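Engineer:
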Ligand SMILES: Cc1cc2nc3c(=O)[nH]c(=O)nc-3n(C[C@H](O)[C@H](O)[C@H](O)COP(=O)(O)OP(=O)(O)OC[C@H]3O[C@@H](n4cnc5c(N)ncnc54)[C@H](O)[C@@H]3O)c2cc1C
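Numbering (our numbering), first residue to last: 1097 to 1553.
1. Could you pull the start and end residues of the beta strand (DSSP E) that residue 1317 belongs to?
2. Have a look at residue 1471 and residue 1182 and give me their C-alpha separation to the nearest angstrom.
3. Would the beta-carbon of residue 1330 be found less than 7 Å away from any heavy atom of ligand 1?
4. Below 8 Å, how does it come out for the stretch 1415-1426 and the stretch 1525-1543: are there three or more Cβ pairs, yes or no?
5. Would you list, in sequence order, the uninterrupted beta strand (DSSP E) runs of no fewer than 3 residues that lie entirely inside the stretch 1315-1356?
6. On the three-state DSSP scale, how would you describe residue 1552?
7. Return the CA-CA distance between residue 1454 and residue 1425, expressed in angstroms with no decimal places.
8. Helix, strand or coil for residue 1376? Go by DSSP, reduced to three states.
9. Considering only heavy atoms of ligand 1, does any lie closer than 7 Å to the CB of residue 1351?
10. Between the C-alpha atoms of residue 1246 and residue 1504, what's the straight-line distance to the nearest angstrom?
11. Could you tell me which whole alpha helix (DSSP H) segments of length 4 or greater appear in the stretch 1509-1540?
12. Leaving out five residues on either side along the sequence, give the residues of the same chain with a beta carbon under 7 Å from the beta carbon of residue 1491.
13. Candidates 1241, 1222 and 1140: which alpha carbon is nearest residue 1174's?
14. Roughly how many angstroms separate the alpha carbons of residue 1506 and residue 1428, rounded to a whole number?
15. Counting along the chain, where does the alpha helix (DSSP H) carrying residue 1132 start and finish?
16. When DSSP labels each residue in this structure, what does residue 1384 get in the three-state scheme?
17. Please classify residue 1128: is it buried, with 16 or more other beta-carbons within 10 angstroms of its beta-carbon, or exposed?
18. Just to confirm, are residue 1268 and residue 1410 a CB contact at a threshold of 8 Å?
19. If you compare alpha carbons, which of 1299, 1217, 1306 and 1169 is closest to residue 1262?
20. Start and end of the beta strand (DSSP E) containing residue 1366?
21. For a test of the three-state rule: what should DSSP assign to residue 1440, helix, strand or coil?
22. Using beta-carbon positions only, say whether residue 1352 and residue 1398 come within less than 8 Å of one another.
23. For the beta strand (DSSP E) containing residue 1293, list its first residue and its last residue.
24. Ends of the alpha helix (DSSP H) at residue 1493?
25. For a test of the three-state rule: what should DSSP assign to residue 1250, helix, strand or coil?
26. For residue 1389, list the residues DSSP reports as bridge partners.
27. The alpha helix (DSSP H) spanning residue 1400 covers which residue range?
28. Going by the C-beta, is residue 1338 closer than 7 Å to any heavy atom of ligand 1?
29. Evaluate residue 1513 with the Cβ neighbour count: other Cβ atoms within 10 Å of its Cβ, from every protein chain shown; 16 or more gives buried, anything less gives exposed.
30. Is residue 1268 a contact residue of ligand 1, with contact defined as CB to any heavy atom under 7 Å?
31. Taking 7 Å as the cut-off, is the beta-carbon of residue 1537 closer than that to any non-hydrogen atom of ligand 1?
32. Are the Cβ atoms of residue 1528 and residue 1253 separated by less than 8 Å?
33. Are the Cβ atoms of residue 1380 and residue 1323 separated by less than 8 Å?
34. Kindly list the residues whose CB is nearer than 6 Å to the CB of residue 1494, restricted to its own chain and excluding five residues on each side of it in sequence; keep chain order.
35. Mind reading off the beta-carbon distance from residue 1382 to residue 1326? Whole number of angstroms is fine, and I expect it under 8 Å.
36. Give a yes or no on whether the C-beta atoms belonging to residue 1207 and residue 1373 are separated by under 8 Å.
Rendered as structure tokens:
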């Protein structure tokens, strides 16, 4: 027998006695009040009694409400897709929920890329969906592509950026600016994701002003081009097979594009560390020192920055969809949180001011969703203009920033914990806001179109 056996038994007995005594006192208090309660009830009319019962039921319901299903697609834009397209989006949803959601916080915190998911990603067969079938594409709609972007970003914006840099920026550069031969050489393997692409436009000293003066130069020497300079922020660049490098020709001063193998003499990549957004995306600083590229690797239909802008137009629409996905993920996590979190004896989702913020978030999200859906429909009809893509990029990234911020607010202190999801969305929204043309630059594109005057310089 343990030395302190009697002592422990005594403590247990005392605790049990005290609990029983507390309950007895509570029961007694109720019984003591019973005559009063009964006399009050006795004097009530039948109708008043019913009202009282109704009130009691309401209080019970308020404390333990039955929650409706969480739906971040309030105007049902999903229904704009046909059955086959919906099935593709649902496959992506399943993949993101089962393969990415469980690991994303960990990889985001470590700033590493989960290479093991790429093989499974390939199997989704969602790359180059809008491309012609002879190149391995599926000739599907931009609307479907946008909805897929939303679905990926709804779980993780970094994964969406990895995919967008490869299938949007890099592949579209070749698809829109390459010769027929270049398309046939590079696109099919990139569609299968056997070869991964990156897109190098931004430089340490030239960001927004890329159209005015890249410092990276290219010089033709016979059938070879020699490229010198530096590029910054280049997503996927640490591991991509091909990097689309944009450089200014020293002869005609026009911007030209090149499909450069990452493993080329003179090209070095250095990972950018310590980001507070899109930490899974491997952004790099690239140094190019006398990098030699054959003429056959120069994008044959990229002759001025206007051609680079043709690529950016398509990807800006893609970033608008990413912002919708990011905002939707944050909204849905937050709504769930407000249903689970209880203060003052009831879920915080039942408070008026919480509902005001939730409906503000939803109205902004719905406006963004319907806007990008229409944008993609116009793109499918061949009618989308630069300024329409820019307007959507601005509207959706501004909205995304606001929604993720309200999400954080509604979660109180728990909102700053990565494990509660919205802090990651909040950080990632900052990168969406700035890349592919900042809010100011895209607003200037819109401003130029609606006033007929360029205010860039
Ligand atoms: C996570 C991430 C990934 C990226 N991936 C890539 C990539 O893969 N490839 C690539 O090429 N680039 C990439 N970028 C770079 C991105 O496109 C640039 O950051 C962006 O174009 C802005 O350039 P900047 O950061 O140099 O800002 P700056 O041009 O220095 O601008 C700083 C501020 O000044 C404002 N500003 C500048 N000019 C004007 C003006 N005329 N009028 C009013 N305001 C002005 C801007 O709006 C901004 O607020 C990435 C960036 C990030 C953050």
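For glycine and all other residues, C-beta sits at the position ideal for the given N, C-alpha and C.
All figures in this text were calculated on a predicted structure; none of them were measured in a lab.
Structural biologist: Reading from the atomic positions:
1. Segment 1313-1317, the beta strand (DSSP E) holding residue 1317.
2. The C-alpha of residue 1182 is placed about 19 Å away from the C-alpha of residue 1471.
3. Checking every heavy atom of ligand 1 against the Cβ of residue 1330, one is found closer than 7 Å.
4. Contact holds: three or more Cβ-Cβ distances are below 8 Å.
5. Counting whole runs of 3 or more residues, the stretch 1315-1356 contains the beta strand (DSSP E) stretches 1320-1331 and 1338-1345.
6. Look at residue 1552 here: in three-state DSSP terms it is coil, with no helix or strand label.
7. The straight-line gap from Cα to Cα measures roughly 13 Å.
8. Of the three classes helix, strand and coil, the one that applies to residue 1376 here is coil, per DSSP.
9. It does not: the Cβ of residue 1351 is nowhere closer than 7 Å to a heavy atom of ligand 1.
10. Rounded to whole angstroms, residue 1246 to residue 1504 spans 20 Å at the Cα level.
11. Secondary structure in the stretch 1509-1540: the alpha helix (DSSP H) runs of 4 residues or longer, each lying completely within the stretch, are 1518-1530 in chain order.
12. So the list reads 1464 and 1467, once near-sequence residues are dropped.
13. Of 1241, 1222 and 1140, the smallest CA-CA separation from residue 1174 is found for 1241.
14. Straight-line measurement puts the Cα of residue 1428 at about 12 Å from the Cα of residue 1506.
15. Per DSSP, residue 1132 belongs to the alpha helix (DSSP H) from 1101-1139.
16. Look at residue 1384 here: in three-state DSSP terms it is strand.
17. Flag for residue 1128 reads exposed.
18. Yes, the pair counts as a contact, with Cβ atoms nearer than the cut-off.
19. It is 1217 whose Cα lies nearest to the Cα of residue 1262.
20. Per DSSP, residue 1366 belongs to the beta strand (DSSP E) from 1363-1367.
21. Three-state result, residue 1440: coil.
22. Using a Cβ distance threshold of 8 Å, residue 1352 and residue 1398 count as a contacting pair.
23. For residue 1293, the uninterrupted beta strand (DSSP E) segment begins and ends at 1293-1296.
24. 1482-1506 is the span of the alpha helix (DSSP H), which, as asked, contains residue 1493.
25. If DSSP states are grouped into helix, strand and coil, residue 1250 belongs with the helices.
26. According to DSSP, which records beta bridges pairwise, residue 1389 is partnered with 1321.
27. Careful: residue 1400 lies outside any alpha helix (DSSP H) and carries neither H nor E.
28. No; taking the cut-off as 7 Å, the Cβ of residue 1338 has no heavy atom of ligand 1 nearer than that.
29. Counting the other CB atoms within 10 Å of its CB gives residue 1513 a total below 16, which places it among the exposed residues.
30. No, ligand 1 has no heavy atom inside 7 Å of this Cβ.
31. Taking 7 Å as the cut-off, the C-beta of residue 1537 counts as close to a heavy atom of ligand 1.
32. Contact: yes.
33. With contacts defined as CB atoms closer than 8 Å, residue 1380 and residue 1323 fail to qualify as a contacting pair.
34. If we look at residue 1494 and ignore the five residues flanking it on each side, it has no Cβ neighbours.
35. That belief holds up - the Cβ atoms of residue 1382 and residue 1326 are roughly 7 Å apart, short of 8 Å.
36. No, they are not a contact pair.
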